[in-house]
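Undergrad: Questions regarding the structure given below will be posed in turn.
There are 2 protein chains.
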Amino acid sequence: MPKLSQKAVDMPASPIRKLVPYAEQAYAKGLKVYHLNIGQPDIATPETAINAMKNADIKVLEYSHSAGFASYRNKLAAYYQKTGINVNAEDIIITTGGSEALVFGFMTTCNPGDEIIIPEPFYANYNGFAVMAGMDVVPVRATIENGFALPPVEEIEQKITAKTKAIVICNPGNPTGYLYSKEELEQLAAIVKKHDIFLFADEVYREFCYDGAVPHSVMNLKGIEENVIMIDSVSKRYSMCGARIGAVISKNKEVMAGVMKFAQARLSPPTIEQIGAEAALETPQSYFDEVIAEYVERRNVLVDGLNSIPGVFCPKPSGAFYCVAKFPVDDSDKFCQWLLEEFQYEGQTVMMAPATGFYSTKGAGKNEARLAYVLNKEALEKAVECLRAAIEQYPGRVEVSEDSKNLSSVG
Amino acid sequence: MPKLSQKAVDMPASPIRKLVPYAEQAYAKGLKVYHLNIGQPDIATPETAINAMKNADIKVLEYSHSAGFASYRNKLAAYYQKTGINVNAEDIIITTGGSEALVFGFMTTCNPGDEIIIPEPFYANYNGFAVMAGMDVVPVRATIENGFALPPVEEIEQKITAKTKAIVICNPGNPTGYLYSKEELEQLAAIVKKHDIFLFADEVYREFCYDGAVPHSVMNLKGIEENVIMIDSVSKRYSMCGARIGAVISKNKEVMAGVMKFAQARLSPPTIEQIGAEAALETPQSYFDEVIAEYVERRNVLVDGLNSIPGVFCPKPSGAFYCVAKFPVDDSDKFCQWLLEEFQYEGQTVMMAPATGFYSTKGAGKNEARLAYVLNKEALEKAVECLRAAIEQYPGRVEVSEDSKNLSSVG
Chain A
1 MPKLSQKAVD MPASPIRKLV PYAEQAYAKG LKVYHLNIGQ PDIATPETAI NAMKNADIKV
61 LEYSHSAGFA SYRNKLAAYY QKTGINVNAE DIIITTGGSE ALVFGFMTTC NPGDEIIIPE
121 PFYANYNGFA VMAGMDVVPV RATIENGFAL PPVEEIEQKI TAKTKAIVIC NPGNPTGYLY
181 SKEELEQLAA IVKKHDIFLF ADEVYREFCY DGAVPHSVMN LKGIEENVIM IDSVSKRYSM
241 CGARIGAVIS KNKEVMAGVM KFAQARLSPP TIEQIGAEAA LETPQSYFDE VIAEYVERRN
301 VLVDGLNSIP GVFCPKPSGA FYCVAKFPVD DSDKFCQWLL EEFQYEGQTV MMAPATGFYS
361 TKGAGKNEAR LAYVLNKEAL EKAVECLRAA IEQYPGRVEV SEDSKNLSSV G
Chain B
1 MPKLSQKAVD MPASPIRKLV PYAEQAYAKG LKVYHLNIGQ PDIATPETAI NAMKNADIKV
61 LEYSHSAGFA SYRNKLAAYY QKTGINVNAE DIIITTGGSE ALVFGFMTTC NPGDEIIIPE
121 PFYANYNGFA VMAGMDVVPV RATIENGFAL PPVEEIEQKI TAKTKAIVIC NPGNPTGYLY
181 SKEELEQLAA IVKKHDIFLF ADEVYREFCY DGAVPHSVMN LKGIEENVIM IDSVSKRYSM
241 CGARIGAVIS KNKEVMAGVM KFAQARLSPP TIEQIGAEAA LETPQSYFDE VIAEYVERRN
301 VLVDGLNSIP GVFCPKPSGA FYCVAKFPVD DSDKFCQWLL EEFQYEGQTV MMAPATGFYS
361 TKGAGKNEAR LAYVLNKEAL EKAVECLRAA IEQYPGRVEV SEDSKNLSSV G
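Protein chains in written order, with the UniProt record's numbering: chain A, 1 to 411; chain B, 1 to 411.
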C-alpha cells in the first residue's frame, strides 16, 4: 500500500471531537450529557433566512459566480458599511464557510515553511489550515490570569523572524471570548506595519459583544489597508453553522486576485445556502437584541457559577459564546474524560473541550478547559452543579491557593 | 506590501472563464451568444431533490457530521451497490463538491514535489488542486486521432519515477467524453499494482453513457482495492452543480482516516444541500432515461454538425456531455476570442473553451476546443451554423488535408 502524505500525518485530529467515544459510553449508561464542548448554538436561525431558502424558485440548481452572487456581495458590503466597517463589494469573495476563507487566505499569502504568529489559546482548526498550507504556527502566550488579553507587544515582536508572514487573531476570540480593545489592535497594526506582514482577523463573532463592549474591525485600522485580511462567516451570527457560507475580505487587490484563482478552481460556494445568507442580512436588530440578552444571561450563569466552585477560575468574557476556565485538576484531558467515563451526578454529566487542543505549546493549558454556553440557562445551571460535585470527587484534584485565584480576577 | 505565495502565482486562472470579458463585449453589441464553454447543464434538477430542501423542517441550521449525514452515506452506499459498485457507507466521506474531494484526496496521499500522471487533455482544475497540494502534474498524451483513448501503457509507464504517487483519470472524461473500456482500466490497474501507486478516478459523469456503452468503476478493479480513490459528485448527475455535494470513496482505511482529519478541520459539508442530495437518490430511472435520450440527441446534432463542416473533426464521445473538436485554425485561443470579439452570424455567435487550458503540455491542443452540449438542440443547430460560417470567414484559417481528417474517424 502506498504511503500517505506527511500532511495526512501532521493534520491534527479534532481536539473537540476526540472525547466523542466516551460521550457515547455515557449515553449508553443512560446519562444525560450537557454538551458544552462544541460551538453549535441552539439559537433558532432567523425565519427570514429559512423562508428565503424554502421559497427560492429553483428549476436548475446552478453554480453561482465563483466569488458568490453579486447581489449577496453588494448587500454584504452594505451590512459592513452600516456596521461602520470599511468594505465594498469588490473587497469580498464568498467562501464555503470561514474555514475555506482561511485556507484560501493562507495559501494565497504563505509559502510552505513560512511562519504565522497566533496568540494562544486559539481556535484549534487554525492548526489544520496551517498544515494544509504547509505553514508553521508560532504561538505567543496569552494567559488566563490576564483574561487572555493581547500578550505584550515585545513578546510578539520577539517571535518575528525572516519567515514570519502573518499574525492571526480571532476577535472576539474562540476559545477565550476575549475582545481586543482599539488600543490592542493599534499595537498589532504598528507591528504589522513595521515588519510589513499580513494581519488575518477572524471576526465571525463580531455581533456577540456584551456589557456595552464595542468590537473594532481590523478593516478600519489606518495605514495597513494592504496588509489586512478579514475572515467572516454566517455560521454563528445567524445560527447557520450548517450553511457553510463565509467570506474573505481585503482591500489588497493582489490578495483578492490570488484568492479568486483558488475560488475559481472549486467553482462556487453553495447556491441555496447563499440565498439564505443573503436573506439573513435582513434579520431585524430585535433578533440580535434577544440573542445577546440570552447569551449574557447564559454567560453570567456559567461564569459566575464556575467562579463559585472552590479552586475554579474563569475570566468573564466580553464576546463570543465561549469561556476558558482553570480547574483544580492534574490534567484537564483526563478530567474531561473522567467526567464522561466514570462520573455522574444525579444521572447527569458534562462534556467540555480540554484546553490543550487550543494551545500550540506542549503542556500549556493543562488545567484548563473550554466551555461553550450554547445551552439554555437551566441546562447551564445543572452543568455547573455537576462540575461542582465533580471537582469534589475527582481523584486527580489538586489544591489551588486562593492567592493564585485572586490574581486572576481580571478581564 | 508583503509578497504573495508562490502558490498564488502558480494557480492557473480558469481557462474556461478567461474569455468572459469578450463575451461581455458581444452582449454589449446585442449579440446572442451560444454558451458551449461551460458544463452547466440546462436540465431541470429532480423535483424530489428540490422538494426535500423546500420541505426540510429546520429550526436551527446545524452542522452535519464532518463525514456527512449518516443517513445520506447509507443511502449513497445502497445506490452504489444497486449500480453494481462495491462501496459501503464506511468507505464514503461526503465533501463540498468533487473539488474538495480531490483536494482532500491529493493532500492525504501526496507530498509537495510528488508527481501525478494524468492523461491529457484533462479537466483544467486538476492543475489548481495539484498546485494547492504542491504536486507536479505529469501529462501523458491522449490524441484526438484516437478519440482520446487511454495512451499506450508503455507511454504511461515511461512517465513513472520515484516521485510518482498517483495516476488520475476522469471516466467518462471531461473534456473528451471518452469512456474507458474494462480492458483499459485493467491495464491501468496492472500499472498501479506493479508500482504500488494510487489511482484516483473522477466518476462524476457515470450516469451519462450512450449507445449502450457501460461504465466500469475503479472500485470494482481486483487486487488494487487499497490503491483506489474514487471521486464523486451530485453536480452533473442530478443537475445540482450549485449544491456543492461530492464524496471521497475508498476501501483504504488509512486514506479515509487521513481524509477525515481534513474533513473535521472544515467542520461539515452544507446541510440543506446534503438533504437535497440524499433525496436526489430517489430520482426515478425515467428521469435519467429522458436526460440521456436528450443528451444523445444533442451530442448527435453537435458532433455530426461539427464533422459536416469542412476541415473540422470531432470524435463522437460515449459519455459525459462534452466533446473536443479540431478546427482548421491557426490558434484556437485566438479563434475563440475572434468569435466573440469580431464575428457574428445573423446576430449570433458561439463561446467555446479553447483546449489549450486542458493540456498540461505547452502548445498541445492549439487547434482544438471543448464544446459542452448543455443547450437544447435548436440552440446547438444554430451554434453549428455559426461555426460553419465562422470557419469560412476566420482570417487565421489553415488548410487541412482530407487525409488527416480521415485518419481521425475513430472513437
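Virtual Cβ for every residue (Gly too), placed ideally from N, Cα, C.
#1: How big is the Cα-Cα spacing for Leu-407 of chain A and Gln-264 of chain A?
#2: Is Tyr-238 of chain A helix, strand or coil by DSSP?
#3: Determine, using beta carbons only, whether Val-291 of chain B comes closer than 9 Å to chain A.
#4: Quick one: is Val-374 of chain B buried, meaning 16 or more other Cβ sit within 10 Å of its Cβ, or exposed?
#5: Where Tyr-80 of chain A and Ala-279 of chain A are concerned, what is the direct C-alpha to C-alpha distance, given to the nearest angstrom?
#6: Closer than 9 Å, CB to CB, is Gly-128 of chain A near chain B or not?
#7: Going straight from the alpha carbon of Met-256 of chain B to that of Ala-166 of chain B, what length do you get?
#8: Would you call the stretch 214-224 of chain B and the stretch 81-96 of chain B touching, i.e. three or more CB-CB distances under 8 Å?
#9: At which residue ranges does the stretch 220-300 of chain A contain complete beta strand (DSSP E) runs of 3 or more residues, listed in the order of the chain?
#10: Touch check for the stretch 145-165 of chain B and the stretch 179-196 of chain B: three-plus C-beta pairs under 8 Å?
#11: The stretch 221-240 of chain A: which residues have C-beta closer than 7 Å to a C-beta of chain B, in chain order?
#12: Just checking: is the beta-carbon of residue 458 of chain B within a distance shorter than 9 Å of some beta-carbon in chain A?
#13: Tell me the DSSP secondary structure of Asp-304 of chain A in three-state form.
#14: Would you say Asp-196 of chain A reaches chain B, if we count a Cβ-Cβ gap shorter than 9 Å as a contact?
#15: Provide the residue span of the beta strand (DSSP E) that contains Pro-139 of chain B, from first to last.
#16: Hey, Tyr-63 of chain B and Gln-40 of chain A are a contact pair by Cβ (cut 8 Å); roughly how many whole angstroms apart?
#17: Anyone know if the C-beta pair for Gly-357 of chain A and Ala-23 of chain A falls short of 9 Å?
#18: Using 10 angstroms around the beta-carbon of Glu-368 of chain A, count the other beta-carbons present and answer buried if the total reaches 16, otherwise exposed.
#19: Can you give me the C-alpha to C-alpha distance between Leu-19 of chain A and Met-351 of chain A, rounded to a whole angstrom?
#20: Touch check for the stretch 265-279 of chain B and the stretch 240-252 of chain B: three-plus C-beta pairs under 8 Å?
#21: Report the neighbours of Gly-97 of chain A on chain B: residues whose CB is nearer than 7 Å to its CB, in chain order.
#22: Are there 16 or more other CB atoms within 10 angstroms of the CB of Gln-274 of chain A, so buried, or fewer, so exposed?
#23: Residue ranges of each beta strand (DSSP E) run of no fewer than 3 residues wholly in the stretch 73-114 of chain A, ordered along the chain?
#24: Is the CB of Arg-17 of chain A under 9 Å away from at least one CB in chain B?
#25: Check whether the stretch 95-105 of chain A touches the stretch 230-239 of chain A, counting contact only when three or more Cβ pairs, one atom from each stretch, lie closer than 8 Å.
#26: How is the beta strand (DSSP E) around Lys-18 of chain A delimited, first residue to last?
#27: Checking 9 Å against the spacing of the C-beta atoms, do Val-312 of chain B and Gly-365 of chain B come in under that value?
#28: Look up Lys-326 of chain A in the DSSP assignment and say whether it is helix, strand or coil.
#29: Please compile the residues from chain A whose C-beta is within a distance smaller than 8 Å of the C-beta of Leu-4 of chain B.
#30: To the nearest angstrom, how far is the alpha carbon of Ala-353 of chain B from that of Pro-15 of chain B?
#31: Please list, in chain order, the chain A residues whose beta carbon lies closer than 7 Å to that of Ile-50 of chain B.
#32: Put Thr-164 of chain B into one of helix, strand or coil per three-state DSSP.
#33: Starting from Phe-343 of chain A, follow the beta strand (DSSP E) in both directions and report where the run begins and ends.
#34: Would Gly-357 of chain B pass as an interface residue toward chain A - the criterion being a Cβ-Cβ separation below 9 Å?
#35: For Pro-395 of chain B and Ser-308 of chain B, what's the separation of their Cα atoms in angstroms?
#36: From the DSSP output, in three-state form, read off Cys-314 of chain B for me.
TA: Taking the coordinates as given:
#1: The residue you call residue 407 of chain A lines up with position 407 of the first sequence. The residue you call residue 264 of chain A lines up with position 264 of the first sequence. Confidence at Leu-407 of chain A is low in this model, with a pLDDT of 40, below 50, so the placement of that residue is unreliable and no value is reported for it.
#2: On the first sequence, residue 238 of chain A is found 238 positions in, with the first residue counted as 1. For Tyr-238 of chain A, the three-state secondary structure derived from DSSP is coil.
#3: For the purposes of this step, residue 291 of chain B is taken as the residue at position 291 of the second sequence. Contacts with chain A at 9 Å (Cβ-Cβ) do not include Val-291 of chain B.
#4: Against the second sequence, residue 374 of chain B aligns to sequence position 374. By the neighbour-count rule (16 or more Cβ atoms within 10 Å), Val-374 of chain B is buried.
#5: Locating residue 80 of chain A in the first sequence gives position 80, counting from the first residue. Locating residue 279 of chain A in the first sequence gives position 279, counting from the first residue. Looking at the backbone, the Cα of Tyr-80 of chain A and that of Ala-279 of chain A are separated by about 15 Å.
#6: In the first sequence, counting from the first residue as 1, residue 128 of chain A sits at position 128. True, the Cβ-Cβ gap to chain B drops below 9 Å.
#7: Looking up residue 256 of chain B in the second sequence gives position 256. Looking up residue 166 of chain B in the second sequence gives position 166. The straight-line gap from Cα to Cα measures roughly 16 Å.
#8: They touch, by the three-pair rule.
#9: DSSP assignment within the stretch 220-300 of chain A yields the following whole beta strand (DSSP E) runs of 3 residues or more, N-terminal first: 228-233 and 246-250.
#10: Yes: at least three Cβ pairs fall under 8 Å.
#11: Taking 7 Å as the cut-off between beta carbons, the residues of the stretch 221-240 of chain A near chain B are Glu-226, Asn-227, Ser-239 and Met-240, in sequence order.
#12: In the structure as shown, chain B begins at 1 and stops at 411. Residue 458 of chain B is therefore absent and cannot be evaluated.
#13: In the first sequence, counting from the first residue as 1, residue 304 of chain A sits at position 304. Residue state, collapsed to three classes: helix.
#14: As a working mapping, residue 196 of chain A is identified with position 196 in the first sequence. At least one chain B Cβ lies under 9 Å of Asp-196 of chain A.
#15: The residue you call residue 139 of chain B lines up with position 139 of the second sequence. Looking at the DSSP string, the run of the beta strand (DSSP E) that includes Pro-139 of chain B is 136-141.
#16: Locating residue 63 of chain B in the second sequence gives position 63, where the first residue counts as 1. Locating residue 40 of chain A in the first sequence gives position 40, where the first residue counts as 1. The pair is a contact, with the Cβ atoms about 6 Å apart (cut-off 8 Å).
#17: Residue mapping note: residue 357 of chain A aligns to position 357 of the first sequence, counting from 1. Residue mapping note: residue 23 of chain A aligns to position 23 of the first sequence, counting from 1. No, the Cβ-Cβ distance between Gly-357 of chain A and Ala-23 of chain A is not below 9 Å.
#18: By 1-based counting over the first sequence, the position of residue 368 of chain A is 368. That one is buried.
#19: The sequence position of residue 19 of chain A within the first sequence is 19, counting from 1. The sequence position of residue 351 of chain A within the first sequence is 351, counting from 1. Roughly 8 Å separates the two Cα atoms.
#20: A contact exists between the stretch 265-279 of chain B and the stretch 240-252 of chain B.
#21: On the first sequence, residue 97 of chain A is found 97 positions in, with the first residue counted as 1. From the beta-carbon of Gly-97 of chain A, the residues of chain B found nearer than 7 Å are Arg-266 and Leu-267.
#22: As a position in the first sequence, residue 274 of chain A is number 274, starting the count at 1. That one is buried.
#23: Listed in chain order, they are 92-95.
#24: Working through the first sequence from its first residue, we reach residue 17 of chain A at position 17. Arg-17 of chain A counts as touching chain B.
#25: As far as the Cβ criterion goes, the stretch 95-105 of chain A touches the stretch 230-239 of chain A, which means the pair count is three or higher.
#26: Translated into the one-based positions of the first sequence, residue 18 of chain A becomes position 18. For Lys-18 of chain A, no beta strand (DSSP E) segment is defined, and its DSSP state is neither H nor E.
#27: What you label residue 312 of chain B is simply residue 312 of the second sequence in a count that begins at 1. What you label residue 365 of chain B is simply residue 365 of the second sequence in a count that begins at 1. Here Val-312 of chain B is not near Gly-365 of chain B, since their CB atoms are 9 Å or more apart.
#28: Position 326 of the first sequence, counted from the first residue, corresponds to residue 326 of chain A. Three-state DSSP puts Lys-326 of chain A in a strand.
#29: Your numbering for residue 4 of chain B matches position 4 in the second sequence. Chain A residues near Leu-4 of chain B: Thr-108, Thr-109, Glu-254, Val-255 and Gly-258.
#30: In the second sequence, the residue the question calls residue 353 of chain B occupies position 353. In the second sequence, the residue the question calls residue 15 of chain B occupies position 15. So the two alpha carbons sit approximately 7 Å from each other.
#31: For the purposes of this step, residue 50 of chain B is taken as residue 50 along the second sequence, with counting starting at 1. Scanning chain A for C-beta atoms nearer than 7 Å to the C-beta of Ile-50 of chain B yields Ile-58, reported in chain order.
#32: Here the question's residue 164 of chain B lines up with position 164 in the second sequence. In the structure shown, Thr-164 of chain B sits in a strand (DSSP, three-state: E or B).
#33: Here residue 343 of chain A corresponds to residue number 343 of the first sequence, with the count starting at 1. Taken as a continuous stretch (DSSP letters only), Phe-343 of chain A belongs to no beta strand (DSSP E), as it is neither H nor E.
#34: Counting from one through the second sequence, the residue named residue 357 of chain B turns up at place 357. Judged by the 9 Å Cβ criterion, Gly-357 of chain B is not in contact with chain A.
#35: Counted from its first residue, the second sequence places residue 395 of chain B at position 395. Counted from its first residue, the second sequence places residue 308 of chain B at position 308. For Pro-395 of chain B and Ser-308 of chain B, the gap between their C-alpha atoms comes out near 20 Å.
#36: As a working mapping, residue 314 of chain B is identified with position 314 in the second sequence. DSSP places Cys-314 of chain B outside both helix and strand once states are collapsed to three, so it counts as coil.
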